[in-house]
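Number of protein chains: 2
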Amino acid sequence: MPHSDVLVIGGGVIGLATAWRTAQRGLSVTVLDPDPGRGANQVAAGMLAPVTELQYGEEPLLALGIASNARYADFAAELTEATGLDTGYRACGTLAVALDADDRAELHEVHGFQQRLGLDVEWLSGREARRLEPMLAPGVRGATLVRGDHQVDGRRLGAALVAACVKAGVTLHPSRAARVTTEGGRATGALAVDGTKLTADQTAVAAGCWSGGLEGVPAAVRLPLRPVKGQVLRLRMTTVRGDFPGPPFLSRNVRAVVRGVHIYLVPRADGELVLGATTEEEGFDTTVTAGGVYELLRDAHELVPGITELPLAETSAGLRPGTPDNAPLLGPTALPGLVAATGHHRNGVLLTPVTADALAEYLTTGQLPPEARPFTPTRFASPESPA
Amino acid sequence: MPHSDVLVIGGGVIGLATAWRTAQRGLSVTVLDPDPGRGANQVAAGMLAPVTELQYGEEPLLALGIASNARYADFAAELTEATGLDTGYRACGTLAVALDADDRAELHEVHGFQQRLGLDVEWLSGREARRLEPMLAPGVRGATLVRGDHQVDGRRLGAALVAACVKAGVTLHPSRAARVTTEGGRATGALAVDGTKLTADQTAVAAGCWSGGLEGVPAAVRLPLRPVKGQVLRLRMTTVRGDFPGPPFLSRNVRAVVRGVHIYLVPRADGELVLGATTEEEGFDTTVTAGGVYELLRDAHELVPGITELPLAETSAGLRPGTPDNAPLLGPTALPGLVAATGHHRNGVLLTPVTADALAEYLTTGQLPPEARPFTPTRFASPESPA
């Protein structure tokens, strides 16, 4: 019966990075996933924009996002050095754009909030924004520029993490968890659907939106997760007749709120332009719909009219793991031996470095670092729960 | 050196049907195509709507279309009987819809023209149209119903024609024509890019929009063709959560002009809903673009708002073979031994039965049947040409 110090259920970027960092600290680690490196990161745009995406009331999440963003350059460089694989990390900055007077008022208010928090955000006129990004719609009314909000390619990141795990001695077990196993009120690993019993001193759940439905977890410990569907398009920044002439089509992430809906365009160095994303509560459904594609193209077209010329290379949909407060679940659960590394909602790619560091610290020392402490899953425990 | 009575260059539905009908009359036939059955028919919606799509000044084409449509039921049944394969032929009728007062005035004028030609077209109020197709937009102002305009599945048709050709003894040579060969002022077959010399008493060019660029054809005989790009979407008539409840999503072809652009929805019996098509002069380019997909979804959404719920299964683009008068090129060219069966523009699938019959007649008897005579390629010959 294969035994490890740590079993990680789920090999998306969160699970793999946690496994990698933990193995680097000398523990034996197994990752249970039928297709490691291909979680929600396959669909994600990979925008690393904690400052741009600041929401009122989410200051603790902002701090976590800023901490993760600050580690990204080194994290990506270390991955590339270990594996030879590029992660698509790009220090490009992010422009948030207002298309009308209402947008502008709202963006200006957010900018004030950002300034009060001491964040580095620059206010630009519409003309200044268009000087930076000439493909923006002529009617742009204003924008904020966050020079420190960047991007990474979630697919390349997943592939690099798989290679880094293998190099660090992590065992990849290509199957799915049928159930978490317990003994004497403690998690002891998992039974895989291929029949293998994988035992471990500690079991980390990193199964994204499926983390809440794992069999074998006592009802009172069940992680409060729901799938939040996102549809995403991938365009190519070349025209029908070849490369786009002159300057780059877009040079940095561009984000806007169109008719109350958030839209963003993430231009990669390799010519891919990711356009996302819908937010839909549809259960475990990953169908690409006519309406989802239509709305993304309609809103992006208002923001950057020139996208109509670009080839549409791919449509896809993924499931974000949503929690009641949209913040992640990090660290010990009420079941001894069972640890959470999930619930990252829209921020899984961004929060990968800080999550992996926090989990590796907890798994080796039993202590969560301060920045992760507000996010333990026990914050949702009801008074009558056995926790 | 392989010799046939007839060599057909191009194995789309026109080339295959011509080969099949000609082989049925006892001639030996070879089809030269790297991937037979997969021409522009792979993208085509397969609407068989000569009456609905009537254009002023195209009465000869109307007659040809009506003749072909009238043969379709038997043609499809014969193919199925020969091969066991379904062609997706569906006698469903076609509804042409007006969305505003201008559309209604224009549709009413076309209806008058259709009536003067003695065509069977019924005028419906918006309410009557919505009674037939409840998913139509509430604002529909009027419609015409053509009970005799149907549909076929271009992909299934291609597959059935390949099988029928094989069964009828047609030789399929899986390569591409490098050049037409000539000797003493007469076409003698073709050299394939795999090096094979295929000789034939008569050579039929059915290479769609590539027919005009065939090497070896004297300049004065060159067929006047250009590629006309069409982008097409394929949706599934099921909702995200399963089958669409209640009545069928759509029961017949639906066509409209939205902002001057023609759009149609072709609902297949197997649940596919084909949504077409753009018309673009972009050269030999088959890129699916963000703008093409956006405009199709936008216009279809105005016509049938409920499409937003449907899964988007496929995006594709094909090249129609356009001629100077948008009518096909049928029969003898100015080069003895070289025959044309191409240039069908938007009507290739519709005109397949009548084209195949006309070409088989010409190839066996040297006479074109009357309905095909207005369409010989020599109609474009200039006075100084050697023809």
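Chains as they are written, first to last, in our numbering: chain A, 47 to 433; chain B, 47 to 433.
Backbone N, C-alpha and C define an ideal beta-carbon position, used for all residues, glycine too.
(message) I'd like to know whether the C-beta of tyrosine 340 (chain A) is nearer than 8 Å to at least one C-beta of chain B.
(response) Here the question's residue 340 (chain A) lines up with position 294 in the first sequence. At least one chain B Cβ lies under 8 Å of tyrosine 340 (chain A).
(message) So alanine 336 (chain B) contacts chain A; which residues on that side make the cut at Cβ distance below 7 Å?
(response) Position 290 of the second sequence, counted from the start, is the residue given in the question as residue 336 (chain B). Residues of chain A passing the Cβ test: Leu281, Leu343, Ile353, Thr354, Leu356 and Leu358.
(message) Only counting the same chain, and skipping five residues up and downstream in sequence, which positions put a Cβ closer than 7 Å to that of aspartate 132 (chain B)?
(response) As a working note, residue 132 (chain B) is residue 86 in the second sequence. Hits under 7 Å: Thr126 and Arg202.
(message) Nearest by alpha-carbon distance to histidine 157 (chain B): which of B:Ala142, B:Val239 and B:Ala233 is it?
(response) Sequence index remark: in the second sequence, residue 157 (chain B) carries index 111 (1-based). The shortest C-alpha separation from histidine 157 (chain B) is found at B:Ala142.
(request) Kindly confirm or deny that the stretch 267–281 of chain B and the stretch 367–384 of chain B touch, where touching means at least three C-beta pairs closer than 8 Å. (result) yes
(request) Find the residues of chain A that neighbour histidine 391 (chain B), judging by a C-beta separation of less than 9 Å, and give them in chain order. (result) Position 345 of the second sequence, counting from 1, holds the residue named residue 391 (chain B). Those do not exist, as histidine 391 (chain B) stays about 21 Å from chain A at its closest Cβ, beyond 9 Å.
(request) Determine whether the Cβ of threonine 333 (chain A) lies closer than 8 Å to any Cβ atom of chain B. (result) One-based indexing of the first sequence puts residue 333 (chain A) at position 287. Yes, contact with chain B.
(message) Residues of the stretch 216–247 of chain A in Cβ contact with chain B at a cutoff of 9 Å, in chain order, please.
(response) none
(request) For asparagine 87 (chain B), name the three-state secondary structure that DSSP assigns. (result) Walking along the second sequence from the start, residue 87 (chain B) turns up at place 41. The answer is helix: DSSP assigns asparagine 87 (chain B) an H, G or I state.
(message) So, at 6 Å on beta carbons, what are the nonlocal neighbours of threonine 379 (chain B) in its own chain, with the 5 sequence-adjacent residues on each side left out?
(response) Locating residue 379 (chain B) in the second sequence gives position 333, where the first residue counts as 1. Val267, Ala386 and Pro423.
(message) Within the continuous beta strand (DSSP E) that includes glycine 158 (chain A), where are the two ends?
(response) The residue given as residue 158 (chain A) occupies position 112 in the first sequence. No beta strand (DSSP E) holds glycine 158 (chain A); the alpha helix (DSSP H) holding it covers 147–162.
(request) Closer than 7 Å by beta-carbon distance: list the chain A residues that pair up with threonine 361 (chain B), in chain order. (result) As a working mapping, residue 361 (chain B) is identified with position 315 in the second sequence. Those are Leu358, listed as they occur along chain A.
(request) Give the DSSP-derived three-state secondary structure of glutamine 101 (chain B) in the structure shown. (result) Translated into positions along the second sequence, residue 101 (chain B) becomes position 55. It is coil, neither helix nor strand.
(message) Quick check: is the beta carbon of histidine 347 (chain B) nearer than 8 Å to any beta carbon in chain A?
(response) Residue numbering aside, residue 347 (chain B) sits at position 301 when the second sequence is read from its first letter. Closer than 8 Å: yes.
(request) Check whether the Cβ atoms of leucine 78 (chain A) and alanine 210 (chain A) sit closer than 8 Å, and answer yes or no. (result) Reading the first sequence from its first residue, position 32 is the one you call residue 78 (chain A). Reading the first sequence from its first residue, position 164 is the one you call residue 210 (chain A). No, they are not a contact pair.
(request) Give every residue of the same chain whose Cβ lies closer than 6 Å to the Cβ of isoleucine 112 (chain A), excluding the five residues on either side of it in the sequence, and list them in chain order. (result) Within the first sequence, numbered from 1, the residue matching residue 112 (chain A) stands at position 66. For isoleucine 112 (chain A), where only same-chain residues beyond five positions count, the Cβ hits under 6 Å are Pro96.
(request) May I have the straight-line CA-CA distance separating glutamate 99 (chain B) from asparagine 372 (chain B), to the nearest angstrom? (result) Here residue 99 (chain B) corresponds to residue number 53 of the second sequence, with the count starting at 1. Here residue 372 (chain B) corresponds to residue number 326 of the second sequence, with the count starting at 1. So the alpha carbons of these two residues sit roughly 13 Å apart.
(request) Apply the 10 Å Cβ neighbour rule to serine 431 (chain B) and answer buried if 16 or more other Cβ atoms are within range, or exposed otherwise. (result) Position 385 of the second sequence, counted from the first residue, corresponds to residue 431 (chain B). Legend: pLDDT at serine 431 (chain B) = 47, less than 50; position of this residue unreliable, no value from coordinates given.
(message) What does DSSP give as the partner residue(s) for valine 312 (chain A) in the beta ladder?
(response) Counting from one through the first sequence, the residue named residue 312 (chain A) turns up at place 266. Valine 312 (chain A) has A:Val320 as its beta-bridge partners, per DSSP.
(message) Relative to the C-alpha of proline 293 (chain B), which candidate in B:Gly276, B:Arg280 and B:Gly317 has its C-alpha closest?
(response) Residue numbering aside, residue 293 (chain B) sits at position 247 when the second sequence is read from its first letter. Checked all of B:Gly276, B:Arg280 and B:Gly317; the closest Cα to proline 293 (chain B) is B:Gly317.
(request) Decide if the stretch 238–256 of chain A is in contact with the stretch 207–223 of chain A; the criterion is three or more beta carbon pairs, one per stretch, under 8 Å apart. (result) yes
(request) Taking threonine 401 (chain B) as the reference, give the member of B:Glu155, B:His347, B:Leu358 and B:Arg117 with the closest Cα. (result) Numbered from its first residue, the second sequence carries residue 401 (chain B) at position 355. With distances taken between Cα atoms, threonine 401 (chain B) lies closest to B:Arg117.
(request) Please indicate yes or no: does the CB of glutamate 348 (chain A) lie closer than 7 Å to some heavy atom of the ligand MG? (result) As far as ligands go, the structure on display features none, and thus does not contain the ligand MG.
(message) I'd like to check one pair, tryptophan 169 (chain A) with threonine 190 (chain A): are the Cβ atoms closer than 8 Å?
(response) Here residue 190 (chain A) corresponds to residue number 144 of the first sequence, with the count starting at 1. Here residue 169 (chain A) corresponds to residue number 123 of the first sequence, with the count starting at 1. Yes, the pair counts as a contact, with Cβ atoms nearer than the cut-off.
(request) Please report the residue range of the alpha helix (DSSP H) in which glutamine 413 (chain B) lies. (result) Along the second sequence, read from residue 1 onward, the residue named residue 413 (chain B) stands at position 367. Element bounds for glutamine 413 (chain B): n/a, residue is neither H nor E.
(request) Pick helix, strand or coil for glutamate 179 (chain B), following the three-state DSSP scheme. (result) Indexing the second sequence from 1 puts residue 179 (chain B) at position 133. Note: glutamate 179 (chain B) maps to coil in three-state DSSP.
(message) Between which two residues does the alpha helix (DSSP H) holding aspartate 345 (chain A) run?
(response) Counting from one through the first sequence, the residue named residue 345 (chain A) turns up at place 299. DSSP places aspartate 345 (chain A) inside the alpha helix (DSSP H), whose first and last residues are 336–349.
(request) Throw me the rounded Cβ distance for the valine 274 (chain B) and leucine 396 (chain B) pair, which I believe falls under 8 Å. (result) Taking the first residue of the second sequence as position 1, residue 274 (chain B) is located at position 228. Taking the first residue of the second sequence as position 1, residue 396 (chain B) is located at position 350. With a Cβ gap of about 16 Å, valine 274 (chain B) and leucine 396 (chain B) do not count as contacting.
(message) For proline 415 (chain B) and glutamine 70 (chain B), what's the separation of their Cα atoms in angstroms?
(response) Within the second sequence, the letter at position 369 stands for residue 415 (chain B). Within the second sequence, the letter at position 24 stands for residue 70 (chain B). Near 17 Å, if we compare the C-alpha coordinates of glutamine 70 (chain B) and proline 415 (chain B).
(request) Tell me, to the nearest whole angstrom, how far the beta carbon of glycine 204 (chain B) is from that of valine 59 (chain B); I am working on the premise that it is less than 8 Å. (result) For the purposes of this step, residue 204 (chain B) is identified with residue 158 of the second sequence, where counting begins at 1. For the purposes of this step, residue 59 (chain B) is identified with residue 13 of the second sequence, where counting begins at 1. With a Cβ gap of about 6 Å, glycine 204 (chain B) and valine 59 (chain B) count as contacting.
(message) Using C-beta distances below 6 Å, list every residue in its chain close to leucine 342 (chain B), excluding the 5 sequence neighbours before and after it, in chain order.
(response) Here residue 342 (chain B) is taken as the residue at index 296 of the second sequence, counted from 1. These residues qualify, in order along the chain: Leu279 and Leu321.
(request) Go ahead and pull the three-state DSSP assignment for leucine 271 (chain B). (result) As a working mapping, residue 271 (chain B) is identified with position 225 in the second sequence. DSSP places leucine 271 (chain B) in coil when its eight states are reduced to three.
(message) Would methionine 181 (chain B) and glycine 352 (chain B) be called neighbours here (beta carbons separated by less than 8 Å)?
(response) Numbered from its first residue, the second sequence carries residue 181 (chain B) at position 135. Numbered from its first residue, the second sequence carries residue 352 (chain B) at position 306. Contact: yes.
(message) Give me the residue from A:Ala109, A:Trp256 and A:Arg176 with the minimum Cα distance to leucine 163 (chain A).
(response) Numbered from 1 along the first sequence, position 117 holds the residue referred to as residue 163 (chain A). Considering only alpha carbons, the answer is A:Ala109.
(request) Compute the beta-carbon to beta-carbon distance between glutamate 179 (chain B) and valine 300 (chain B), rounded to the nearest angstrom, for a pair I have assumed lies under 8 Å. (result) Your numbering for residue 179 (chain B) matches position 133 in the second sequence. Your numbering for residue 300 (chain B) matches position 254 in the second sequence. Indeed they touch by this definition, with Cβ atoms about 6 Å apart.
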